[in-house]
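Scroll down for the structure; my scribbles are underneath it.
Protein chains: 2
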Amino acid sequence: MATQTKTVLHGYFRSSCSWRVRIAFALKGIEYDQAPVNLIKDGGQQFTEQYKKINPMQQVPAVEIDGITLSQSLAAIQYIDETRPGPRLLPADPVKRAQVRMISDLIASGIQPLQNVYVLQKVGAEKIQWAQHFIERGFQALEPMLKQTAGKYCVGDEISMADICLVPQVYNAQRYKVDVDQYPTIKRLNQTLLEIDAFQVTHPSRQPDTPVDMRT
Amino acid sequence: MATQTKTVLHGYFRSSCSWRVRIAFALKGIEYDQAPVNLIKDGGQQFTEQYKKINPMQQVPAVEIDGITLSQSLAAIQYIDETRPGPRLLPADPVKRAQVRMISDLIASGIQPLQNVYVLQKVGAEKIQWAQHFIERGFQALEPMLKQTAGKYCVGDEISMADICLVPQVYNAQRYKVDVDQYPTIKRLNQTLLEIDAFQVTHPSRQPDTPVDMRT
């Protein structure tokens with residue numbers, strides 16, 4: 001009954017956290033509607049009263065699913081993993097699950113929040129150097145960690161939530177001119193993952209709200 | 001076999017993320033050794049080569065358990081929840097689990113990283129106002145969210161990871177002079193939770209590394 005409601009992703013083509021959810025949906029084969037929220041236009045559509053009711057944090061993504069609204073990407077990803085069939089996004093083994101969550105949280109708590117659009121707006125003129133600093137700081141920790149956990153993917157040989165977090169963060173790193181060549185494991189994993197259909201069709205350059213001049 | 005290794009928490013009395021793990025250990029009744037890492041002394045003991053091997057991110061906490069090291073608090077908390085007996089830290093119901101994770105991540109990704117000691121050091125002179133801004137922004141979102149999910153505790157009537165995240169974040173808010181009275185649900189939940197033994201014995205004012213003049 002609850003699963004008959006339509007799944008809606010409120011997101012933005014260029015938001016790395018929105019991209020995470022799009023990848024998870026694609027890997028699981030979940031159909032959903034996209035409700036674009038333009039973070040730049042009109043001073044930011046996330047600040048409207050209407051959107052604030054959907055996500056009081058005034059950020060993307062927010063996922064309407066099964067009659068609830070989930071406004072943190074990793075909570076949404078783990079919810080669909082626990083309630084939907086399809087490939088596991090977290091491994092069955094508790095140690096591997098913990099490693100997947102550790103890598104995901106290093107990115108989701110340790111890097112992404114510090115180069116978020118609303119934080120960089122507050123930083124002001126120094127924002128590019130600020131973003132580079134925190135992404136590089138994070139990648140310097142992530143690289144040795146991934147060297148220990150990675151197989152073909154971030155943790156062993158199965159795609160997981162860690163991979164879902166990694167690729168959008170590398171995209172952001174490149175946007176802020178971080179030299180990803182310095183991190184060979186991150187670089188290799190990113191390249192491998194970008195070959196996969198679920199990462200390609202959900203790419204920021206190919207969304208309904210992607211501006212024409214940014215499409216590929 | 002693996003569980004015979006000693007569990008060690010590398011933490012700091014005043015770190016809110018370390019406190020989260022201490023609460024989880026206390027709720028589960030897990031015995032552990034504390035290995036204090038003084039974030040201030042000698043320029044920060046987290047920057048030593050020795051500690052960098054334990055946590056390349058050079059932050060606390062890091063948990064050595066079952067032969068692995070977990071360096072993100074929520075990954076560690078969910079690992080012990082999935083591998084140890086005792087009260088559940090995440091509810092069995094998938095919707096409630098998702099709400100617990102959403103609230104936990106709002107704090108762990110949306111608030112805490114922006115008022116972290118190493119971020120505030122980079123902010124410089126404006127650091128108090130910066131911390132206040134991001135804590136208030138987060139609490140303004142958290143308050144209506146908790147109004148919907150809370151019973152006696154953050155999500156319904158069972159203590160969960162969301163409560164484990166809330167109390168240390170309120171402690172930080174008070175440290176940075178945020179007026180918590182503006183958030184009646186947050187205030188009420190914090191007061192209720194601080195009555196509980198697992199929150200009291202793990203309080204920053206009562207740890208082995210708490211300076212004498214900060215003890216209560």
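Quick note, the sequences are listed as chains A and B, same order.
Mapping the first sequence onto UniProt numbering, position 58 (from 1) lands on 58, and the numbers just tick up by one.
Mapping the second sequence onto UniProt numbering, position 119 (from 1) lands on 119, and the numbers just tick up by one.
For every residue, glycine included, the Cβ atom is placed at its ideal position computed from N, Cα and C.
>> Please list the terminal residues of the continuous alpha helix (DSSP H) segment that includes V123/B.
In response: In the second sequence, the residue the question calls residue 123/B occupies position 123. Going by DSSP, V123/B is part of the alpha helix (DSSP H) stretching over 117-123.
> In this structure, does DSSP put E64/A in helix, strand or coil?
Replying inline: As a first step, residue 64/A must be located in the first sequence, where it is residue number 64. Secondary structure at E64/A: strand, using DSSP grouped into helix, strand and coil.
> Cβ of Q129/B less than 7 Å from any chain A Cβ?
Replying inline: As a first step, residue 129/B is located in the second sequence; it is residue number 129 there, counting from the start. No, Q129/B does not count as interfacial toward chain A.
> Can you tell me whether T3/B is buried or exposed, with buried defined as 16 or more other CB within 10 angstroms of its CB?
Replying inline: Looking up residue 3/B in the second sequence gives position 3. Note that T3/B scores 48 on pLDDT, short of 50, meaning its location in the model is unreliable; the coordinates nonetheless yield the value given after this. With fewer than 16 Cβ atoms within 10 Å of its Cβ, T3/B is classed as exposed.
>> Below 9 Å on C-beta distance, what does G151/A contact in chain B?
In response: For the purposes of this step, residue 151/A is taken as residue 151 along the first sequence, with counting starting at 1. For G151/A, no chain B residue has a C-beta closer than 9 Å to its own C-beta; the minimum C-beta separation is roughly 16 Å.
>> Spatial neighbours of Q46/A within its chain, please: C-beta separation below 7 Å, excluding the five flanking residues on both sides.
In response: Here the question's residue 46/A lines up with position 46 in the first sequence. Excluding positions up to five away in sequence, the list reads V37, L39, Q58, Q59, V60.
> Which partner residues of L9/A appear in the DSSP bridge assignment?
Replying inline: In the first sequence, the residue the question calls residue 9/A occupies position 9. Bridge pairing for L9/A: Q34/A, V63/A [DSSP].
> F13/B to Q99/B, Cα distance in whole Å?
Replying inline: Taking the second sequence and counting its residues from 1, the one referred to as residue 13/B is at position 13. Taking the second sequence and counting its residues from 1, the one referred to as residue 99/B is at position 99. Approximately 28 Å between the Cα atoms of the pair.
>> Looking at chain A, is there any beta carbon in it that lies within less than 7 Å of the beta carbon of T3/B?
In response: Taking the first residue of the second sequence as 1, we reach residue 3/B at position 3. Because T3/B sits at a pLDDT of 48, beneath the cut-off of 50, its placement in the model cannot be relied upon, and the point is left open.
> Does S109/B get closer than 7 Å to chain A when you measure Cβ to Cβ?
Replying inline: By one-based count along the second sequence, residue 109/B stands at place 109. With a threshold of 7 Å between beta carbons, S109/B makes contact with chain A.
> Would Q50/B count as contacting chain A if we go by Cβ distances under 7 Å?
Replying inline: If you number the second sequence from 1, residue 50/B lands on position 50. With 7 Å as the cut-off, Q50/B does not count as an interface residue toward chain A.
> Per DSSP, what kind of secondary structure is G110/A in: helix, strand or coil?
Replying inline: To locate residue 110/A, count along the first sequence from 1; it is residue 110. Assignment of G110/A by DSSP, reduced to helix, strand and coil, places it in the helix class.
> If you drop the 5 nearest sequence neighbours on each side, which residues of the same chain put their C-beta closer than 6 Å to that of S18/B?
Replying inline: As a first step, residue 18/B is located in the second sequence; it is residue number 18 there, counting from the start. Answer for S18/B: G11, Y12, V60, P61, listed in chain order.
> Which bits of chain B does E82/A rub up against, with CB to CB less than 9 Å?
Replying inline: Translated into positions along the first sequence, residue 82/A becomes position 82. Correct list: P94, R97, A98.
>> Is it buried or exposed, D66/B, if we count other Cβ atoms within 10 angstroms and call 16 or more buried?
In response: Counted from its first residue, the second sequence places residue 66/B at position 66. Result: buried.
>> Let's test the definition: count the other Cβ atoms within 10 Å of the Cβ of T149/B and tell me whether it reaches 16, buried, or not, exposed.
In response: As a first step, residue 149/B is located in the second sequence; it is residue number 149 there, counting from the start. Its Cβ being crowded by 16 or more others within 10 Å, T149/B is buried.
>> Taking CB distances under 7 Å as the criterion, tell me whether P56/A reaches chain B.
In response: Counting from one through the first sequence, the residue named residue 56/A turns up at place 56. Closer than 7 Å: yes.
> Does any CB atom of chain A fall closer than 7 Å to the CB of A62/B?
Replying inline: Indexing the second sequence from 1 puts residue 62/B at position 62. Not an interface residue.
> Can you find a C-beta in chain B that's less than 7 Å from the C-beta of R22/A?
Replying inline: Counting from one through the first sequence, the residue named residue 22/A turns up at place 22. With 7 Å as the cut-off, R22/A does not count as an interface residue toward chain B.
> What are the start and end residues of the alpha helix (DSSP H) that includes N190/A?
Replying inline: Here residue 190/A corresponds to residue number 190 of the first sequence, with the count starting at 1. Its alpha helix (DSSP H) spans residues 184-193.
> Okay, do the region 63-81 of chain A and the region 101-115 of chain B touch, 3+ Cβ pairs below 8 Å being the bar?
Replying inline: Cβ pair count under 8 Å is three or more, so yes.
> Is V178/B buried or exposed, if buried means 16 or more other CB atoms sit within 10 Å of its CB?
Replying inline: Here residue 178/B corresponds to residue number 178 of the second sequence, with the count starting at 1. Using a 10 angstroms sphere on the CB of V178/B, the tally of other CB atoms reaches 16 or more, which defines it as buried.
> With 16 other CB atoms within 10 Å as the buried threshold, where does V95/A fall?
Replying inline: Indexing the first sequence from 1 puts residue 95/A at position 95. Burial call: buried.
> CB L189/A to CB C165/A, shorter than 7 Å?
Replying inline: Taking the first residue of the first sequence as position 1, residue 189/A is located at position 189. Taking the first residue of the first sequence as position 1, residue 165/A is located at position 165. It is not a contact, given that the beta carbons lie outside the stated cut-off.
>> Does any residue of chain B have a CB that is nearer than 7 Å to the CB of Y79/A?
In response: Within the first sequence, numbered from 1, the residue matching residue 79/A stands at position 79. Between Y79/A and chain B, the shortest Cβ-Cβ separation is below 7 Å.
> Cβ of D163/A less than 7 Å from any chain B Cβ?
Replying inline: Your numbering for residue 163/A matches position 163 in the first sequence. The beta carbon of D163/A does not come within 7 Å of any beta carbon belonging to chain B, so the residue lies off that interface.
> Residues of chain A with CB under 9 Å from Q169/B, in chain order?
Replying inline: As a working mapping, residue 169/B is identified with position 169 in the second sequence. The contacting residues do not exist; Q169/B stays about 13 Å from chain A at best.
> Between L89/B and S160/B, is the Cβ-Cβ spacing less than 7 Å?
Replying inline: To locate residue 89/B, count along the second sequence from 1; it is residue 89. To locate residue 160/B, count along the second sequence from 1; it is residue 160. Closer than 7 Å, so yes.
>> Judging by CA-CA distance, which residue of Y183/A, D93/A, S15/A is the nearest neighbour of E143/A?
In response: For the purposes of this step, residue 143/A is taken as residue 143 along the first sequence, with counting starting at 1. If you compare the alpha carbons of Y183/A, D93/A, S15/A with that of E143/A, the shortest gap goes to Y183/A.
> By the criterion of Cβ-Cβ separation under 7 Å, what are the contact partners of S71/A in chain B?
Replying inline: The residue labelled residue 71/A in the question sits at position 71 within the first sequence. Within 7 Å Cβ-Cβ: M102.
> Do S109/B and the ligand SAM come close, with the Cβ less than 6 Å from some heavy atom?
Replying inline: Absence of the ligand SAM is noted for the structure shown, with no ligands found whatsoever.
> Applying a beta-carbon distance threshold of less than 8 Å, which residues of chain B neighbour L9/A?
Replying inline: Translated into the one-based positions of the first sequence, residue 9/A becomes position 9. Those within 8 Å of L9/A in chain B number zero; the least Cβ separation is about 15 Å.
> So, helix, strand or coil for M1/A, using DSSP?
Replying inline: Here residue 1/A refers to the residue found at position 1 when the first sequence is read from its first residue. In this prediction, M1/A scores a pLDDT of 44, lower than 50, which makes its location untrustworthy; no coordinate-derived value is stated.
> Taking DSSP as the reference, what is the three-state secondary structure of R175/A?
Replying inline: Here the question's residue 175/A lines up with position 175 in the first sequence. R175/A falls in the helix class under three-state DSSP.
>> Here's the rule: buried if 16 or more other CB atoms are within 10 angstroms of the residue's CB, otherwise exposed. What is R20/B?
In response: Mapped onto the second sequence, residue 20/B falls at position 20. In this structure R20/B is buried. Its beta-carbon is surrounded by 16 or more other beta-carbon atoms within 10 angstroms.
>> According to DSSP, is T48/B part of a helix, a strand, or is it coil?
In response: On the second sequence, residue 48/B is found 48 positions in, with the first residue counted as 1. T48/B: coil per DSSP, three-state reduction.
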